[in-house]
Each structure stands twice: as structure tokens, then as C-alpha cells.
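Q: Residue 1 is where the sequence shown starts when you use our numbering, and the numbers rise one by one after that.
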Amino acid sequence: MNLKKKLSILTALAVFQAFAAIPANALAADQSDTTTTTNTANVKSVEVVKKEQTISESDVKSGSDTKQPDNNDNNAVEGTNPVSNEPTGTDVTPIDPVTDPADEEDAGEETTVPTAPVEVEQPSTSGQSVAGSKGGDLTLYMNSNKMVQDGKTYLAGQPMAVKNGVSYVAIRALVDRVGYEVKYDNTTKETIIISGEDELRFKTNSNIYTVNGESRTMKGPAYQQKNTFMVPLTSITQALNITYKVNQSAKTVVLNLNTKPVASFTVQKEIFVGDTVTYNTKSSSPKGLGIVDERWTGRQDSFDQPGTYTVTYAVQDSSGQWSDPYAVTIQVQKPNLPPVAMFTTDKEEYKMGEKITYIDQSTDDENAIVKTEWENNALAFFVPGPKTVTITVTDKHGASNSYTKNVNITNETLYTISDFNQLFTPVGDKFSFNGSEVPAMEKVPYTYYDEQSVLIRSNSPETVNSEGIVYKESSIGQTRFMIHHVNNTGKNVKMYVVATNNNMYAATLEQQNMGFAGPSPFATVAGRLSIERWFQSMQDGTGKLNVVLQPGESKLILTELNALPMKQGQVISLYSDVFSDYRLDYNIIMIEENKDPMAVWSTLPVLDRDGVHNRGTYPNATRVITYDQEVGSKPARLPLGDNASDPNLVGTDPMAYTDASNAGNFGVLYKITLNNVAPRTLISFNPRGGRYSGVALVNGQVVQISNGSKSLSAPNEQSVLYRTGSYGEAVTIVFSAAPGSNLPVNLLFTPLPTEK
1 MNLKKKLSIL TALAVFQAFA AIPANALAAD QSDTTTTTNT ANVKSVEVVK
51 KEQTISESDV KSGSDTKQPD NNDNNAVEGT NPVSNEPTGT DVTPIDPVTD
101 PADEEDAGEE TTVPTAPVEV EQPSTSGQSV AGSKGGDLTL YMNSNKMVQD
151 GKTYLAGQPM AVKNGVSYVA IRALVDRVGY EVKYDNTTKE TIIISGEDEL
201 RFKTNSNIYT VNGESRTMKG PAYQQKNTFM VPLTSITQAL NITYKVNQSA
251 KTVVLNLNTK PVASFTVQKE IFVGDTVTYN TKSSSPKGLG IVDERWTGRQ
301 DSFDQPGTYT VTYAVQDSSG QWSDPYAVTI QVQKPNLPPV AMFTTDKEEY
351 KMGEKITYID QSTDDENAIV KTEWENNALA FFVPGPKTVT ITVTDKHGAS
401 NSYTKNVNIT NETLYTISDF NQLFTPVGDK FSFNGSEVPA MEKVPYTYYD
451 EQSVLIRSNS PETVNSEGIV YKESSIGQTR FMIHHVNNTG KNVKMYVVAT
501 NNNMYAATLE QQNMGFAGPS PFATVAGRLS IERWFQSMQD GTGKLNVVLQ
551 PGESKLILTE LNALPMKQGQ VISLYSDVFS DYRLDYNIIM IEENKDPMAV
601 WSTLPVLDRD GVHNRGTYPN ATRVITYDQE VGSKPARLPL GDNASDPNLV
651 GTDPMAYTDA SNAGNFGVLY KITLNNVAPR TLISFNPRGG RYSGVALVNG
701 QVVQISNGSK SLSAPNEQSV LYRTGSYGEA VTIVFSAAPG SNLPVNLLFT
751 PLPTEK
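1. Do T345 and V407 have their beta-carbon atoms positioned less than 7 Å apart in this structure?
2. Taking 7 Å as the cut-off, decide whether the C-beta atoms of T724 and P679 are in contact.
3. DSSP state of P426, grouped into three classes?
4. Based on Cα-Cα distance, which residue from D304, L138, P221 lies nearest to Y244?
5. How many whole angstroms separate the CB atoms of P339 and V393, which I take to be in contact at a CB cut-off of 8 Å?
6. Below 8 Å, how does it come out for the region 287-307 and the region 231-247: are there three or more Cβ pairs, yes or no?
7. Quick one: residues in its chain with C-beta nearer than 8 Å to the C-beta of I330, no 5 flanking neighbours on either side, listed in chain order?
8. Got a sec: does the ligand HEM put a non-hydrogen atom nearer than 6 Å to the Cβ of D324?
9. What's the C-alpha gap between Q248 and I236?
10. For S402, tell me which candidate among K567, I409, Y446, A341 has the shortest Cα-Cα distance.
11. If we ignore side chains and look at the alpha-carbon of each, how far apart do G385 and F431 end up?
12. My parser needs the beta strand (DSSP E) runs of 3 or more residues fully inside the region 296-365; what are they?
13. From the DSSP secondary-structure annotation, give me the bridge partner or partners of L233.
14. Rounded to whole angstroms, what is the Cα-Cα separation between P751 and V650?
15. Leaving out five residues before and five after N280 in sequence, what residues of the same chain have Cβ atoms less than 7 Å from its Cβ?
16. If we require 3 or more residues per run, which beta strand (DSSP E) segments fall completely within the region 674-754?
17. To the nearest angstrom, how far is the alpha carbon of G740 from that of T732?
18. What's the C-alpha gap between P647 and A660?
19. At the level of alpha carbons, what is the spacing between T388 and Q361?
20. Three or more C-beta pairs under 8 Å: does that hold for the region 685-705 against the region 608-624?
21. Buried or exposed for A173, going by 16 or more other Cβ atoms inside 10 Å?
22. In three-state terms, what does DSSP make of K756?
23. What does DSSP give as the partner residues of Q225 in its beta bridges?
24. In or out: P445 buried (at least 16 other Cβ within 10 Å) or exposed?
25. For Q764, collect the residues of the same chain with a Cβ closer than 6 Å to its Cβ; drop the 5 residues on either side in sequence, then sort them by chain order.
26. Please classify R457: does DSSP put it in a helix, a strand, or coil?
27. Assign L529 to one of three DSSP states: helix, strand, or coil.
28. Based on the DSSP secondary-structure assignment, which residues constitute the bridge partners of E473?
29. Determine which residues share a DSSP beta bridge with W374 and list them.
30. Between which two residues does the alpha helix (DSSP H) carrying V600 extend?
31. Measure the C-alpha to C-alpha separation of V246 and A170 and round it to an integer number of angstroms.
32. Go ahead and pull the three-state DSSP assignment for F433.
33. Taking C-alpha atoms, which residue in M655, A506, A599 lies nearest to E553?
34. Between the C-alpha atoms of F685 and L748, what's the straight-line distance to the nearest angstrom?
35. State the DSSP-derived secondary structure class of R637, mapped to helix, strand or coil.
36. Pairs of beta-carbons, one from the region 501-519 and one from the region 613-629, closer than 8 Å: are there three or more?
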């Protein structure tokens with residue numbers, strides 16, 4: 001070969017290498033176009049990432065052997081593109097493509113990460129890539145670098161690949177097609193994608209990426225393949241809410257890249273003729289463009305006729321593109337008429353102490369009265385003269401109306417206040433009396449026996465100041481949990497009960513009844529509701545479930561306890577009966593809400609008791625009282641929780657290794673059967689140790705001990721539980737002291753006055 005011919009070959013090779021080093025630009029025009037505009041991303045210093053290029057179908061090469069075609073475009077400019085960090089968010093592989101073993105092997109091949117930035121086009125003057133601005137669907141082909149958008153075919157720097165079950169795409173090719181901004185942070189070595197107000201940051205060889213500063217995890221790390229930066233496809237689709245469809249037969253993934261702005265609006269829930277309509281609009285651009293115009297159809301500031309109206313709203317972004325119209329159907333109702341308040345009484349005139357019957361006759365055109373309030377509607381008056389009584393009713397739209405009527409009270413007395421209250425105070429309501437007379441009443445000389453039922457009372461420290469184990473114990477058979485605690489840790493916490501089976505055999509735990517309340521800022525409210533729901537669970541059978549624990553296994557039980565976090569100062573209260581066929585170990589813990597209880601419970605410290613409230617494990621926690629002699633023919637009382645007639649349960653504090661006495665017998669279930677209650681007997685509830693709010697089961701019915709949010713005050717208030725009629729009766733009362741209330745208490749039996 002002569003020298004001239006050798007020089008020609010060397011010259012050709014040099015030219016070829018020079019052109020090969022220049023990245024090709026993507027063309028947004030058809031293949032027949034002779035002029036193209038280069039759309040570039042805003043970049044700082046970056047790694048080598050070649051930009052895709054418009055090609056003909058015949059030029060497409062699939063598989064990992066696809067090469068980037070040379071392009072001698074005068075607009076091609078050299079630059080650098082960074083290594084990106086992965087966005088934050090759990091990555092889900094969108095496809096499970098069928099690949100040839102050779103393709104999968106090559107897709108998993110990873111080249112050495114370059115130590116210096118590589119080539120990419122220079123940023124555009126607008127600072128945004130607009131190559132994908134048309135916003136049509138983008139079709140990616142599995143195991144190919146072919147991409148199709150708006151009828152044009154493009155080549156990515158590397159094929160879409162599957163590596164360890166995760167689908168990867170060339171980040172630069174996808175960004176150009178979607179039309180996002182890309183930057184590189186030299187300090188953190190992160191590739192940054194910007195879409196409107198959203199920012200994604202990726203880093204080579206890391207499966208952690210950030211979305212708007214929040215770290216998320218991908219199922220595979222980002223990596224470099226032949227100088228092309230590859231990321232899991234769904235790290236971008238999930239973070240930027242890009243929807244897609246997978247076609248396995250065609251081996252394609254189609255991304256919906258609609259870039260139209262989005263408009264929406266809301267109006268108030270109810271609109272009446274003549275109302276001012278409030279339109280609350282919301283609009284945005286997927287590309288972060290400004291909204292420059294809006295248009296409405298059918299909008300009115302108020303409607304003068306009832307009927308159905310359709311209003312639409314659309315917005316325009318700074319590129320001139322309009323959103324799809326957003327439509328809302330508005331039902332305009334005829335003007336709301338307020339309700340009409342009205343009531344009557346069974347008589348116009350009453351004696352002092354005579355019961356008054358109020359008859360509510362209020363009406364509403366929609367039959368939608370939601371609240372009724374009375375003023376001065378006493379069941380009886382004990383001072384003569386006219387009495388003004390008012391009723392106010394409110395409908396569901398908030399319109400209200402009031403009516404006032406005068407009731408005349410004569411100088412004649414029918415009942416004294418004491419007699420009237422005993423006869424007519426409704427069951428569950430309270431009345432005042434002279435409580436100093438109660439200690440002088442004869443005690444009912446009852447006896448009792450205890451049924452086997454272990455009580456685990458977790459109530460100290462009642463106010464918990466730090467994370468830890470508030471109670472730990474083991475039990476077999478019938479077990480009752482009473483858990484009552486206040487969060488004083490200064491942070492949001494949750495409480496859990498962890499059960500562990502340390503036996504050689506599988507154990508079954510049966511949750512029988514459940515009463516839980518809270519978190520609440522009020523201890524008496526939480527305590528009353530937990531008892532009420534516990535009794536309700538006994539009646540209707542709700543709250544039952546079985547848990548099987550294998551040998552050595554730990555599980556969370558009584559999970560109502562940890563359904564919601566407790567804020568500072570809030571209270572939880574739980575009553576529950578369980579049965580286990582093998583001995584189980586229980587740990588009751590309080591930890592910060594975001595911690596995993598199964599991971600930390602065994603490392604927690606045991607908290608000290610507070611020295612005021614009670615904790616302990618007590619056997620025989622169901623007390624059965626049966627009394628066959630007559631009661632109610634003369635005033636009498638049955639004391640509970642007094643540690644005299646009703647002795648405290650004796651048990652142990654297993655964490656302090658000491659004996660314990662269950663002060664007040666909280667957690668004890670009393671089953672009281674009175675087989676001979678005299679005719680015309682009032683049975684009432686009188687607290688002696690302080691305020692009380694709770695419930696009892698009387699003849700199988702839940703009865704409030706003081707209705708509503710009112711609590712009973714000791715010692716001068718009593719709440720009506722039951723009245724016998726003209727014949728003697730057997731009465732059953734099931735009772736347990738409500739956490740947050742005070743013991744002791746008395747059941748009072750009082751002969752009723754003669755009715756007149």
C-alpha cells in the first residue's frame with residue numbers, strides 16, 4: 001500500500017472518530033424536515049449522556065447492541081452531564097418483560113463509572129427542555145432504544161433494559177421527551193430533574209433518591225451503561241405521577257405525557273336561589289408554566305331560579321395551550337324555609353310539684369330538624385307563678401326558630417321536691433338530696449364469692465413521662481386487662497400489648513369482650529366510654545377474635561389500643577377479657593408513634609409506679625353477689641369498693657416484686673343478683689369518694705350513671721338506675737368501676753312515695 005493511500009485511510013479514521021465523539025441532537029420535526037431546532041436541558045456539569053435522535057424505522061436497532069447513529073448536525077454542541085442520584089420513593093417495576101437471555105445479560109452489564117463529567121448538549125436559553133412539549137404519549141420498546149412520540153421515532157443512548165427484575169431507562173432520553181429541566185450538582189454529585197415545582201435528585205450506584213427533599217427507595221440502584229445514566233423507570237413515573245400502560249404482546253410501555261394545564265373548581269355544598277355562589281378555583285401546569293388566562297361557561301354569581309346548572313372552567317398556560325374544560329353540575333334549590341318551633345303542655349296550669357308533660361310539635365318543610373334545645377323545661381316547678389319555657393329548633397341548613405310559652409304554677413303543692421325526684425326523675429338522670437343521711441342507712445348484709453379471672457391492672461404510672469414498659473406479666477386461662485394511662489412524654493406515642501408464646505406448643509388467645517376509648521383529653525370521659533363499650537360488647541358479641549401464636553412467637557394483641565397515636569396530655573382507657581389455652585407473657589408498652597413495637601419492646605426499660613395509682617396482678621377478679629332477702633322496704637345501701645363490706649383484691653406487683661392491694665377494686669366485675677326487691681323501690685347510685693361517670697347493666701340493659709356529659713358529685717347526688725312496679729321483682733346489676741372516676745360507691749334502695 002502506497003503512502004498516499006495510507007494517509008487517506010488514517011485521515012478518514014480521524015474524521016470518523018471526531019464525529020463519533022459529538023453527541024447527536026434529537027429532532028422534533030418529521031424525518032423529511034431539513035431544519036431542526038435543538039431543545040436542550042438546563043445543565044451544569046454532567047456525565048456523558050447522549051441525546052436521542054429522530055430516525056427512520058429502518059435505522060432502529062433493538063437489544064443492548066443498539067448503537068447511536070452519527071449525525072453531522074451543525075447545531076450539535078458539546079457539554080457535560082452529571083451522574084444523578086435516585087429520587088426518593090419506593091420504586092415498583094412496571095413490567096415483567098420477556099427477554100432473551102442474551103438481552104438480559106447485556107442489560108445487567110455495567111461499565112466503570114467515569115471519573116470525569118462527559119458530553120451533553122448545552123442548556124437552552126429558556127433553561128428548559130421543550131423537546132417533549134407537544135405532550136403526546138411516549139412509547140418505549142422493551143430491550144430496545146427505540147422511542148416513539150407524536151408520530152416521530154427517537155433513539156435513546158441505551159435500550160430500555162431489565163436488571164435484577166427492575167426496568168431501567170436512559171434518564172436523558174426520557175427527560176428530553178417529557179420536557180423537564182435537568183441539572184447537575186457538582187458538590188453533591190447528583191443529577192437533578194425539575195418538573196414545575198417538583199425536584200428529583202439521583203446519584204450513581206445508589207438506590208436512594210429524593211423527591212422535593214424527601215428520601216425514597218428504589219428497587220434497584222441507578223448506574224452507568226456505556227456512558228449513559230440509567231434509572232428505574234418507575235422512580236420517575238411515581239414521583240411525577242406519570243401514568244403508563246404495559247403491552248406484553250407488543251413489548252411496549254406507553255407513558256401518558258399529557259402536558260395540558262389542569263383546571264378544577266368547587267362551590268359550596270348547598271346553593272339556594274339568591275345565594276352568592278363562591279367559586280374556589282385550582283389550576284396548574286405539569287410543566288410548571290404560568291397560567292395566563294381562564295374562561296367560564298354557565299357561571300353566575302347567583303341563580304334566580306331553582307334547577308340544575310352546568311358550569312365549566314378552563315385555563316390557558318403561557319405556551320398558549322388550554323386545559324380540558326372542568327365541569328360541575330350545580331343543583332340550585334328553592335329558598336330554604338326555616339323550621340317552625342312549637343310545643344304544648346298537657347295542661348295550662350299545674351300545682352307545685354306536679355309533673356309537666358311537654359309535647360314537641362315543631363315542624364320543618366324538609367322534615368330536617370337536627371337540633372332541639374329547651375330552656376327552663378323543668379319536669380315540675382316548686383315556686384308559684386308563671387314560668388317561661390322556650391324551645392329552639394334548627395334544621396340541617398342551620399336555620400333556626402324559637403317558640404316561648406308561659407306555664408302557670410298555682411299555690412297548691414302536690415309533691416315535695418324529694419318525693420317528686422324519687423318518683424319522676426328519668427332512669428339515667430340525677431337529682432340532688434341530703435347525702436349526709438346515707439351513712440346512717442342500714443347496710444345490705446350481702447356475701448360474695450369470687451370467680452377465677454386474673455386481672456392485669458396497668459394504671460401506674462398513670463401519667464407516663466417516658467417511653468418504656470408500663471406493665472409486664474404472664475397469665476393462662478381467663479384474663480382481664482384494665483389499661484388506663486396518660487401521655488406526658490412531650491411527643492406523640494402509641495401503646496401496644498405484645499403477647500409472647502414461650503411454650504413448646506402453639507397457643508390460642510381468644511379476645512372475648514372489648515371496651516376501648518380515647519385518645520381523649522378527659523380521663524373521666526375515656527373511662528366511662530371504655531366501660532360502656534365493654535358492656536355493649538358483652539351484649540352484642542362484638543370485639544371477638546382469635547390469635548394463634550406459634551412456639552417462640554410474639555404478636556400484637558388488643559390492637560384497638562394502638563389504632564391512633566396519643567398526643568401530649570391525652571388519655572386512653574381499655575377493658576378487655578381474653579382466654580388463652582397456654583401461659584402467655586404480656587408486655588404493655590408506650591413508645592414513640594413511628595417506632596416498630598416488635599423491634600424495640602424487648603429493649604425498653606421497665607417504668608416505676610407513681611406511688612399514687614395502682615398496678616398489679618389480681619386473681620379472682622369477678623365478684624358474684626347474690627342476696628335472697630327482701631331489700632327496698634326500708635332505706636338501705638350496698639357499698640362497693642369500700643375495702644370493708646367489699647374488701648380489696650390482694651395480688652402482686654410483678655415488676656416491683658411486692659404485694660399489691662387493688663384500691664377501689666377497679667377492674668373487678670361485679671355480678672349482683674337481688675332476688676327479692678320490694679314493690680315500688682327506687683334503686684339509685686350514689687358516689688361517696690368523689691365525682692363519678694360510668695354505666696351499669698340493669699336487667700341486661702345499659703343504664704347511664706348520669707346521662708350525657710354530666711358526672712355525679714359525691715355525696716349529695718344520686719342517679720336513677722331502676723324502679724320496681726306494684727309487685728316484687730328480681731333485679732340483676734352488672735357493674736365495674738369506670739377508670740377516671742372515684743370509689744367507693746353505694747347502691748341505694750329507697751321506698752317510693754305514694755303517687756297522688
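Note that the Cβ used here is the ideal one computed from N, Cα and C, for glycine as well.
A: Result, derived from the coordinates:
1. yes
2. yes
3. coil
4. L138
5. 5 Å
6. no
7. V267, I271, V277, F303, T308, Y309, T310, V311
8. Among the ligands in the structure shown, none appear at all, so the ligand HEM cannot be discussed.
9. 21 Å
10. A341
11. 23 Å
12. 307-317, 326-333, 343-345, 349-352, 358-360
13. Beta-bridge pairing links L233 to no other residue.
14. 36 Å
15. F265, T266
16. 681-687, 694-698, 701-705, 717-723, 729-735, 745-751
17. 25 Å
18. 13 Å
19. 17 Å
20. no
21. buried
22. coil
23. T228
24. exposed
25. Only positions 1 to 756 of the chain appear in the structure, and residue 764 is not among them; the question remains open.
26. strand
27. helix
28. Y586
29. I391
30. 597-600
31. 18 Å
32. coil
33. A506
34. 6 Å
35. strand
36. no
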